[in-house]
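Report on the following structure.
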Amino acid sequence: MSQIWSIGGGKGGTGKSFIAGNLGILLAKEGYKTLLIDVDFGAANLHTIIGISKPERSISDFLNRRLATLDETVLSTPIPNLYLISGAMNNLDIANLTHQQKIKLLRNIARLSYDYILLDIGAGTSFNTIDYFMIADSGIFVTTPEPTSIENVYRFIRSAYFRKIHHVLKAHDFRTLADEAERQNGNATVSNPEILLHVIKELDPEKGDIVEKALRTLDFKLILNQVRKQDNPNIGELICKIIERHLALKMSFIGNLSFDDHVHNSVCKKLPFVDLYPYTRTALDLRECCKNHLSINKDKTSVQYLTA
Amino acid sequence: MKLYQEKNNYELLEIHPDVAPTEIRHAYKILFDLYQDESIATYSFFSEKERKEILSSLEKAYLTLIDPESRKLYDRDLVGIGGLEEERTYSNHKKNPSSIYDFKKTHVQGLVTIRDPEELKYRASQNPVIQNILDQDTITGRDIKKIRTELKITLEEIAEATKVRIEMLRIIEEDNQELFLPMVYMTGFLKSYARYLQLDEVVILDGFIKYIDKGK
Ligand SMILES: Nc1ncnc2c1ncn2[C@@H]1O[C@H](COP(=O)(O)OP(=O)(O)O)[C@@H](O)[C@H]1O
Ligand SMILES: [Mg+2]
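Which chain is which? The protein sequence lines are A and B, in order. Anchor point for the first sequence: position 76 equals 76 in our numbering, and the numbering is continuous, going up by one each time. Anchor point for the second sequence: position 31 equals 1031 in our numbering, and the numbering is continuous, going up by one each time.
So this is what it looks like as structure tokens:
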């Protein structure tokens, strides 16, 4: 079975596609059969990052039944071992999938057989975005050291937290318990998911246990991108600490990626960054992050979100 | 998981009930940095009100535990409500920090040097390196060490004479702020140190405090 990593984090422009593409290349070079999937349907551009200017096929051919299986949409890339499913939509296709389409897509992604599958997730915290993020064995957040970008990570995590509780409790129970939590704590539950869990545990200890266990399976990672010399290098660790202290979620810091103007050059040249500038600080950082993530995730078994 | 509001002082500071004061101070400093106003890691996670509440609960926890007397009372209360297994005989505990004043140490007669205060004062006043340091706005631990070595006095001698453990003096001289001695202790040690060298303790302390403040 494939290990699925998702790369997301709320805000646009932080470098999610850049990181997904380059981690994919590094994994492929390590000899892993790796598939990149671009699920940022509104702004699909992962193909450019790895040096493909016009993808011939995309996910929309599968969703609109022009191709029978998701497998058929896979493109090979200039890099051996690396494959891509593009998320580029032609103008007639809609970027927002229906619930059915999303379920169908998630099921079929889970059936693909690669060593690693990397999902490049779009901006925003809609249910769709969160569900793509949570299908993964490992959810990697990307943020820059700017307050606005960090704020989006927190927003995303809170949504994911609620979504997980919702998923476990089923709609009806969730409403009842959330209403009760709301009644007891006023608007505190909105800003403070930990209170929600606490109330659920008090009202229904059995369900509370199940929810708590489910939340514990969430396993988040964090990469800090576009770090400049003047930035505090510890911000990543601090963010993880806050998440663990206040939400009791696991979140591990993977590493800092330095800001480098060469990234811009490589994107403009439509050539893969780690190939074009392998000896820059940022390329070394990327390798370090890839290594860290592989070792943190090594002995983890796959969590099946869909069948949970 | 316990709600934040229900955590006891040790849980709040994420320390074991047996830790020494230096560790309490260290833990507090890390958490203070995490929640302080300019921390961009917490800026959007909490409302201003939540942040203030957390900071004040951390401060309260810190102040309670850093003072040995109030810590003892707090531990007793905690044992009373079942939050701690047994009363901590913290002061007899083996993880107990070694005491900072070295009273018990047997006197090694040969080490005691009799100093002539006037002679020390004179030497300092004639030494341009020392005078330069004393004119500085900030004075670091290393500067103080420089003064001592200019006067050709060993740290052992000062430790012996002031009864302050040599490790503590070293922390000051090496500017080893990670170890984060409580400020009251540091200034206390430094006063004895300055007095022994016949230096103006006000000048030394002022310069040193300014230096520490800058690092914050
Ligand atoms: N480490 C970096 N240093 C410099 N520029 C970067 C870095 N990472 C990303 N960028 C720039 O940021 C832009 C947005 O990156 P992208 O991966 O498309 O973001 P996202 O997918 O999160 O919207 C890119 O055009 C790239 O030039
Ligand atoms: Mg993108």
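Every residue, glycine too, gets a C-beta built ideally from N, C-alpha and C. Quick caveat: nothing in here was measured; it's all calculated off a predicted structure.
- Those residues of the stretch 218-239 of chain A placed with their C-beta closer than 9 Å to a C-beta in chain B are N232, N234, I235, G236, E237, L238 and I239, ordered along the chain.
- Secondary structure of A/M251 (DSSP, three-state): strand.
- Closer than 7 Å to the CB of B/A1020 there is not a single CB belonging to chain A.
- Taking 6 Å as the cut-off, one finds no heavy atom of ligand 1 near enough to the beta carbon of A/N265.
- Per DSSP, A/T282 is one residue of the alpha helix (DSSP H) stretching across R281 to N297.
- Under the 8 Å Cβ criterion, the stretch 1194-1214 of chain B counts as touching the stretch 1115-1130 of chain B, having at least three qualifying pairs.
- Only residues of its own chain outside the window of five on either side were considered, and among them none has a CB closer than 6 Å to the CB of B/I1209.
- At least 7 Å separates the beta-carbon of A/D137 from that of A/I19.
- At a beta-carbon threshold of 9 Å, none of the residues of chain B lie near A/E202; the nearest stands roughly 11 Å away.
- Chain-order list of chain B residues neighbouring A/Y154: S1044 and F1045, by C-beta distance under 9 Å.
- Under a criterion of Cβ atoms nearer than 8 Å, no residue of chain A is adjacent to B/L1065; the nearest Cβ is some 18 Å distant.
- Assignment of B/L1055 by DSSP, reduced to helix, strand and coil, places it in the helix class.
- Placement of the Cβ of A/Q226 at a distance of less than 6 Å from at least one heavy atom of ligand 1 is found.
- The stretch 1058-1077 of chain B and the stretch 252-259 of chain A do not touch, with fewer than 3 CB-CB distances between them shorter than 8 Å.
- When 9 Å is used as the limit between beta carbons, A/K250 is near no residue of chain B, the shortest such separation being about 12 Å.
- Not one beta carbon of chain B lies nearer than 7 Å to the beta carbon of A/P205.
- When only Cα atoms are considered, A/E288 and B/R1071 end up about 44 Å apart.
- Between B/S1056 and B/L1012 the beta-carbon gap is near 11 Å, outside 8 Å, which marks them as no contact.
- DSSP places A/I37 inside the beta strand (DSSP E), whose first and last residues are T34 to D38.
- In the DSSP assignment, A/G13 falls outside any beta strand (DSSP E) and carries neither an H nor an E.
- Contact residues of the stretch 153-184 of chain A toward chain B are Y154 (C-beta to C-beta distance below 7 Å).
- Ligand 2 never approaches A/K11 closely enough for any of its heavy atoms to be under 6 Å from the residue's Cβ.
- Contact check for A/L27 and A/Y116: beta-carbon distance about 5 Å, within the 8 Å limit, so the pair qualifies.
- Here the distance from the Cβ of A/G8 to the nearest heavy atom of ligand 1 is not below 6 Å.
- CA-CA distance, B/E1150 to B/V1129, rounds to 8 Å.
- In this structure, A/L247 is the residue among A/H262, A/L224, A/E182 and A/L247 with its C-alpha nearest to the C-alpha of B/F1045.
- For B/Q1126, the three-state secondary structure derived from DSSP is helix.
- In the displayed model, A/F141 falls within a strand according to three-state DSSP.
- Between the C-alpha atoms of A/Y161 and A/F141 there is a straight-line separation of about 14 Å.
- Under the 7 Å criterion on CB atoms, A/I242 is classed as interfacial with respect to chain B.
- For B/I1139, the closest C-alpha among the options B/K1214, B/K1163 and B/N1127 is that of B/K1214.
- Chain-order list of chain A residues neighbouring B/A1061: empty, with the shortest C-beta distance near 14 Å, by a criterion of under 9 Å.
- Neighbours of B/L1034 across chain A, judged by C-beta separation under 9 Å: L238, K241, I242 and R245.
- Within the stretch 248-281 of chain A, the residues whose Cβ lies closer than 7 Å to some Cβ of chain B are A248, listed in chain order.
- Taking 6 Å as the cut-off, the C-beta of A/D231 does not count as close to any heavy atom of ligand 1.
- Three or more Cβ pairs closer than 8 Å define a contact, and the stretch 144-161 of chain A meets that threshold against the stretch 214-231 of chain A.
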